[in-house]
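Trainee: One structure is given below, represented as structure tokens, and several questions about it will come after.
Numbering (my numbering), first residue to last: 10 to 318.
Put into structure tokens, the structure is as follows:
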């Protein structure tokens, strides 16, 4: 299902987008939310979001912000329109300007499209009056005229101006729905699903879950520490089991690790040579030092690690 909100009046289109997001959020916990900005598009992640529902059989609500300004992303989406429209998931597009040729191409696949053109002067006056009423602020007619003359159809500017006046009058301002920055991913990715996929050597799942974790706001550094913990434990358990010939109960007793962790590590240890695990642990240490010294970033370094181990 595809929704498109576009037009030169970005204030009203953004407000409408956020109202729709809020309506899905208010329907309960059956939705997982993802926000993809221009420049943050990933083909593999898009394929995953398109094909599947979330880990707990929730529908994905995928929000694209100005994604059509990314040439490669736009070409991918235009090729996948039929598949996107038939997906059980929901795709919300917010754009400022969309070329007529693109609109013609996507129109038959869109469930709902709404264009927001710039308001004419009399409509701007109505908008200003409504917003003043919403925050309980009264200003004289001359001030209203001054604001409209200054900002014209720039509703962001008008909102900013009346908020300043409200603050000067000690009025409490309710957040505009156009300004809201939603916590898009209500379903937080379980970080241990990433480390388990790593242990199984399921690179694709590990990478996709990592991308979802970043979109949900999980810091890359937190993933780093859990991966380091996983590699270290698998190596420890493997050596105790294979070199020291310890059984599971002895490993649990001597390491103090949770029995469930030891059981998993014994299974994962079959997928790696001890030398490889040592090399992976050293690679993680290298990632840490380079990130701390500013030579690299945690997020991109972890991504490369998950794709190349």
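Using N, Cα and C, we set each Cβ at its ideal position, and we do this for glycine too.
For clarity, every value in this text was computed on a predicted model and none was experimentally measured.
1) Thinking C-alpha only, which one of 274, 16, 212 and 306 is nearest residue 109?
2) Enumerate in chain order the residues of its own chain whose CB-to-CB distance from residue 136 is below 8 Å, with the five nearest sequence positions on each side excluded.
3) Would you kindly work out how many angstroms separate the C-alpha atoms of residue 36 and residue 96, rounded to a whole number?
4) What are the boundary residues of the beta strand (DSSP E) that residue 68 is part of?
5) Can the beta-carbon of residue 231 be found closer than 9 Å to that of residue 200?
6) Does the beta-carbon of residue 244 have 16 or more other beta-carbons within 10 angstroms, so that it is buried, or is it exposed?
7) Between 252, 58, 303 and 210, which lies nearest to residue 40 when the distance is taken from Cα to Cα?
8) What does the Cβ neighbour count give for residue 55, buried or exposed, with the cut at 16 atoms within 10 Å?
9) Would you identify the three-state DSSP class for residue 89, choosing helix, strand or coil?
10) Determine which residues share a DSSP beta bridge with residue 103 and list them.
11) Does the region 212 to 229 touch the region 253 to 266, meaning 3 or more C-beta pairs lie closer than 8 Å?
12) Quick one: grab the DSSP three-state call for residue 119.
13) Can you look up residue 207 in the DSSP assignment and give me helix, strand or coil?
14) Skipping 5 residues on each side, what residues in its chain have a beta carbon closer than 8 Å to that of residue 198?
15) Mind checking residue 242: buried by the 16 CB within 10 Å criterion, or exposed?
16) Would DSSP call residue 45 helix, strand or coil?
17) By the DSSP assignment, the alpha helix (DSSP H) with residue 241 in it spans what residues?
18) Which of helix, strand or coil does DSSP assign to residue 153?
19) Flag this pair as yes or no: are the beta carbons of residue 153 and residue 138 separated by less than 9 Å?
20) CB-CB under 6 Å to residue 19, same chain, minus the five flanking residues each way: which ones, in chain order?
21) In three-state terms, what does DSSP make of residue 281?
22) Report buried or exposed for residue 310, applying the criterion of at least 16 other Cβ atoms within 10 angstroms of its Cβ.
23) The alpha helix (DSSP H) spanning residue 30 covers which residue range?
24) List the residues that DSSP assigns as beta-bridge partners of residue 124.
25) Roughly how far, in whole angstroms, is the beta-carbon of residue 98 from the beta-carbon of residue 72, given that I think they are within contact range, below 8 Å?
26) Under the DSSP definition of a beta bridge, which residues are partnered with residue 40?
27) From residue 49 to residue 207, what does the alpha carbon distance come to, in whole angstroms?
28) Whole angstroms are fine: how far does the CA of residue 85 sit from the CA of residue 60?
29) Check the C-beta distance from residue 296 over to residue 314 and give it rounded, since I have them as a contact under 8 Å.
30) Considering residue 141, what are the terminal residues of the alpha helix (DSSP H) in which it resides?
Mentor: The structure says:
1) Walking along the chain shown from the start, residue 109 turns up at place 100. When only C-alpha atoms are compared, the closest one is 16.
2) Looking up residue 136 in the chain shown gives position 127. Here the set comprises 128, 164 and 167.
3) Translated into the one-based positions of the chain shown, residue 36 becomes position 27. Translated into the one-based positions of the chain shown, residue 96 becomes position 87. Spanning the two alpha carbons is a distance of roughly 19 Å.
4) Translated into the one-based positions of the chain shown, residue 68 becomes position 59. Unbroken beta strand (DSSP E) run through residue 68: 68 to 74.
5) For this step, residue 231 is matched to residue 222 along the chain shown. For this step, residue 200 is matched to residue 191 along the chain shown. Cβ atoms of residue 231 and residue 200: closer than 9 Å.
6) As a working note, residue 244 is residue 235 in the chain shown. It is buried - the Cβ of residue 244 has at least 16 other Cβ atoms within 10 Å.
7) Residue mapping note: residue 40 aligns to position 31 of the chain shown, counting from 1. Closest by alpha carbon: 58.
8) To locate residue 55, count along the chain shown from 1; it is residue 46. Buried, since its Cβ has 16 or more Cβ neighbours within 10 Å.
9) In the chain shown, the residue the question calls residue 89 occupies position 80. Residue 89: coil per DSSP, three-state reduction.
10) By one-based count along the chain shown, residue 103 stands at place 94. For residue 103, which the question treats as bridged, DSSP gives the partners 14 and 74.
11) no
12) Counting from one through the chain shown, the residue named residue 119 turns up at place 110. If DSSP states are grouped into helix, strand and coil, residue 119 belongs with coil.
13) Residue 207 sits at position 198 when you count from the first residue of the chain shown. DSSP places residue 207 in helix when its eight states are reduced to three.
14) The count along the chain shown starts at 1 and reaches residue 198 at position 189. Closer than 8 Å at Cβ, skipping near neighbours: 64, 218, 221, 222, 225 and 227.
15) Residue 242 sits at position 233 when you count from the first residue of the chain shown. Per the 10 Å Cβ criterion, buried.
16) The residue given as residue 45 occupies position 36 in the chain shown. In this structure, residue 45 counts as strand in the three-state DSSP scheme.
17) Taking the first residue of the chain shown as position 1, residue 241 is located at position 232. Start and end: 229 to 251.
18) Taking the chain shown and counting its residues from 1, the one referred to as residue 153 is at position 144. Helix.
19) Translated into the one-based positions of the chain shown, residue 153 becomes position 144. Translated into the one-based positions of the chain shown, residue 138 becomes position 129. In contact: residue 153 and residue 138 (Cβ atoms closer than 9 Å).
20) Locating residue 19 in the chain shown gives position 10, counting from the first residue. Here the set comprises 105.
21) Looking up residue 281 in the chain shown gives position 272. In this structure, residue 281 counts as coil in the three-state DSSP scheme.
22) Position 301 of the chain shown, counted from the start, is the residue given in the question as residue 310. Counting Cβ neighbours within 10 Å, residue 310 comes out buried, since at least 16 surround it.
23) Along the chain shown, read from residue 1 onward, the residue named residue 30 stands at position 21. Element bounds for residue 30: 19 to 34.
24) As a working note, residue 124 is residue 115 in the chain shown. Answer is 15, bridged to residue 124.
25) What you label residue 98 is simply residue 89 of the chain shown in a count that begins at 1. What you label residue 72 is simply residue 63 of the chain shown in a count that begins at 1. In fact, because the Cβ distance is near 12 Å, the residues do not count as touching under 8 Å.
26) Residue 40 sits at position 31 when you count from the first residue of the chain shown. Partner residues in the beta bridge of residue 40, as assigned by DSSP, are 68.
27) For the purposes of this step, residue 49 is identified with residue 40 of the chain shown, where counting begins at 1. For the purposes of this step, residue 207 is identified with residue 198 of the chain shown, where counting begins at 1. The straight-line gap from Cα to Cα measures roughly 24 Å.
28) One-based indexing of the chain shown puts residue 60 at position 51. One-based indexing of the chain shown puts residue 85 at position 76. Taking the straight line joining both Cα atoms gives about 15 Å.
29) Looking up residue 296 in the chain shown gives position 287. Looking up residue 314 in the chain shown gives position 305. Confirmed, Cβ separation roughly 7 Å.
30) Working through the chain shown from its first residue, we reach residue 141 at position 132. Segment 130 to 144, the alpha helix (DSSP H) holding residue 141.
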